[in-house]
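A short write-up of the structure that comes next.
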Amino acid sequence: MITALHRRILAALVLLFASTSWNLLAEPNAKQNAAAQSSSAVSSDSYMGLSGEELWSNNCLRCHNIRPPTMYSDAQWDVIVHHVRLRANITGQEQRAIVEFLKSAK
Amino acid sequence: MNAQLSYLLSDYIALGVGEFFSPSNVFVERFEPQWINKLPDRPLAVYHGILPNISVGAQVRGGFPIGPTRANYAFYVSNGPVLNTFDARTAGTLDFNSYTDNNDNKAVGGRVGFLPTPGVEVGYGFETSKPSFQGTAFSDLQALVQSVDLEITRDSDLLKGRINLFAQYAWSHVDHAVYDPDGSLGFGPLAFTSKQDGGYAELAYRSTKVDIDFIRNLELIFRWDHLSRDPSGLGDPEETRWTLGLNYWLSPSTVVKAAYEWDQPNGEPNENALLLQAAMGF
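Quick mapping for you: the protein sequence lines, in order, are chains W and X.
Counting from 1, position 86 in the first sequence corresponds to residue 86 in my numbering; the numbering is continuous, with no gaps.
Numbering-wise, my numbering comes out as the position in the second sequence, counting from 1, plus 1000.
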């Protein structure tokens, strides 16, 4: 019989396995590929020096598909990314970098 | 539908008051909208009395860098849940959908998250409260709900697509109590410490790097979810589900979903079902 304790141990092992096997899914040059390929890539290994485009794809894709920059007006993107900041707990700097990218990418 | 007023205090701190999705439950905050939730229904445990979904109160939240990583936090004070005491089926469970502020105590909760690399987040959420009406025999009972979660999003050339792994496991504890102590409600005296636990793991794959549009718009999803309660026989029965889904994305926020769910409530007939849903986000 599987007890609650067993389920918690199993859950912890699944989390540990998923975390440790993370890099198996990525290619060694994933970061370079990500920059060269479409903006939908989520393959960076660090938050250091991420561009607004990378922050946009990395943060949005954590929850849902990304919408193209042309889908909304500048004013609408201001409101949308403000909402994302509150929901996904991104920083103010990240919010500004994402908005700047979205407005410049049209 | 909920509403809150937010104020951005600094790049790392935001304040909010009103009615909001409970930050202690990452599913309701981030994945609950039907155009985001990859399956037609919600996973067990996150909506079955273990974790709060809507809170009325005030919160402080934000994110901040730690070197090459990120961390985030959200803490809140709210009215909190109400302890069910009046019938055998729900005795000892928490009602998070009540807007009644039933005592002077306030629930305190929150979640902390850590992102070691972009696309990976682990989190821990909690809420502690005194959930019973003031002046009753249950008024000193303490309830604690907790949750751990993992979210992974990864693009892979190897797999020619994107993988999402979402997992959340929650458990709750309400102090020992005697329900219907004089038998006047017809089911007591019933003495127990109420515990519930459950969670889900969901794996999704979308072939975003394939050149054929039709194939690229398909997404395959698999989910396991589970709910159990101690003592068993009260409230929702123990239940385990396995769900296989196939989505077709008409646009980034418009989707048609089909899923088959193998549902095994303990001691009851199977409730297997074919689920169909169309959803659009605005």
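Just so it is clear, CB atoms sit at the ideal spot from N, CA and C, and this is done for glycine as well.
Unbroken alpha helix (DSSP H) run spanning residue i, endpoints
i       : result
V79/W   : 74-88
N1103/X : Per DSSP, N1103/X belongs to no alpha helix (DSSP H) and is neither H nor E.
G52/W   : 52-60
Host beta strand (DSSP E) of residue i (start-end)
i       : result
V1286/X : Residue 1286/X falls outside the range modelled here, since chain X spans only 1001 to 1282, and no answer is possible.
S92/W   : Here residue 92/W is Gly; the residue named in the question, Ser, does not match the sequence. Per DSSP, G92/W belongs to no beta strand (DSSP E); it is in the alpha helix (DSSP H), 92-104.
D1213/X : Per DSSP, D1213/X belongs to no beta strand (DSSP E); it is in the alpha helix (DSSP H), 1213-1216.
L1250/X : 1239-1251
M1280/X : 1273-1280
F1166/X : 1161-1179
S1263/X : Sequence inspection shows Asp at residue 1263/X; the Ser mentioned does not correspond to that position. 1254-1265 is the extent of the beta strand (DSSP E) around D1263/X.
Q1004/X : 1004-1010
A1088/X : Element bounds for A1088/X: n/a, residue is neither H nor E.
V1120/X : 1120-1129
E1202/X : 1190-1206
Residue i, buried or exposed, once every other Cβ within 10 Å from all chains shown has been counted against 16
i       : result
F1031/X : buried
S38/W   : In this prediction, S38/W has a pLDDT of 40, which is less than 50 and means its spatial position is unreliable; what the coordinates show is noted afterwards. Burial call: exposed.
F1020/X : buried
F1214/X : exposed
Y1260/X : exposed
Q32/W   : For Q32/W, the predicted model reports a pLDDT of 36, less than 50, meaning its position is unreliable; a value from the coordinates is still stated below. Counting Cβ neighbours within 10 Å, Q32/W comes out exposed, since fewer than 16 surround it.
P1181/X : exposed
T1208/X : buried
R1089/X : exposed
A1170/X : buried
V1178/X : exposed
T1136/X : exposed
Y1007/X : exposed
L1274/X : exposed
F101/W  : buried
Q1196/X : buried
P1269/X : exposed
Cβ separation of residue i and residue j, assumed to be a contact under 8 angstroms, to the nearest whole Å
i       : j       : result
F1096/X : G1049/X : 7 angstroms
T1240/X : R1223/X : Between R1223/X and T1240/X the Cβ distance is about 11 angstroms, and since that is not below 8 angstroms, they are no contact.
A1107/X : T1128/X : 7 angstroms
N1061/X : N59/W   : Here residue 1061/X turns out to be Arg, not Asn, going by the sequence shown. With 8 angstroms as the limit, R1061/X and N59/W do not qualify as a contact, their Cβ atoms being about 15 angstroms apart.
S1024/X : G1186/X : Incorrect: roughly 35 angstroms between the Cβ atoms, too far for contact.
Interface partners of residue i on chain X, CB under 7 angstroms
i     : result
I90/W : G1063
Contact list for residue i against chain X, beta-carbon separation under 8 angstroms
i     : result
C50/W : Position check: residue 50/W holds Leu in this sequence, whereas Cys was assumed. Near L50/W (Cβ distances below 8 angstroms), the residues of chain X are P1118.
Cross-chain neighbours of residue i in chain X, by beta carbon under 9 angstroms
i      : result
S46/W  : G1067, P1068, T1069, T1117, P1118
L102/W : Correct list: empty, because the minimum Cβ distance to chain X is about 14 angstroms.
Interface residues of chain W facing residue i [CB-CB closer than 7 angstroms]
i       : result
D1011/X : T91, G92, Q93
Per-residue contacts from residue i into chain W (C-beta, under 9 angstroms)
i       : result
R1030/X : R62, C63, H64, R87, A88
Within chain W, partners of residue i - CB distance below 8 angstroms
i       : result
S1006/X : L86
Short-range partners of chain X found in the stretch 69-80 of chain W, where Cβ spacing is below 7 angstroms: From the stretch 69-80 of chain W, no residue has a Cβ closer than 7 angstroms to chain X.
Which of the residues in the stretch 53-68 of chain W, read from start to end, lie with their CB under 7 angstroms from any CB of chain B? Here the protein chains are W and X, and chain B is not one of them.
Quick one: which residues of the stretch 1250-1273 of chain X get their C-beta closer than 8 angstroms to a C-beta of chain W? List them in chain order. Residues of the stretch 1250-1273 of chain X whose Cβ lies closer than 8 angstroms to any Cβ of chain W, in chain order: P1252, S1253.
Would you list, in chain order, the members of the stretch 1117-1142 of chain X that have their beta-carbon closer than 9 angstroms to a beta-carbon of chain W? Hits within the stretch, in order: T1117, P1118, G1119, V1120, E1121, V1122.
Closer than 8 angstroms, Cβ to Cβ, to anything on chain W: give me those residues from the stretch 1187-1205 of chain X, in chain order. Under the 8 angstroms Cβ criterion, the stretch 1187-1205 of chain X contributes K1195, D1197, G1199, A1201.
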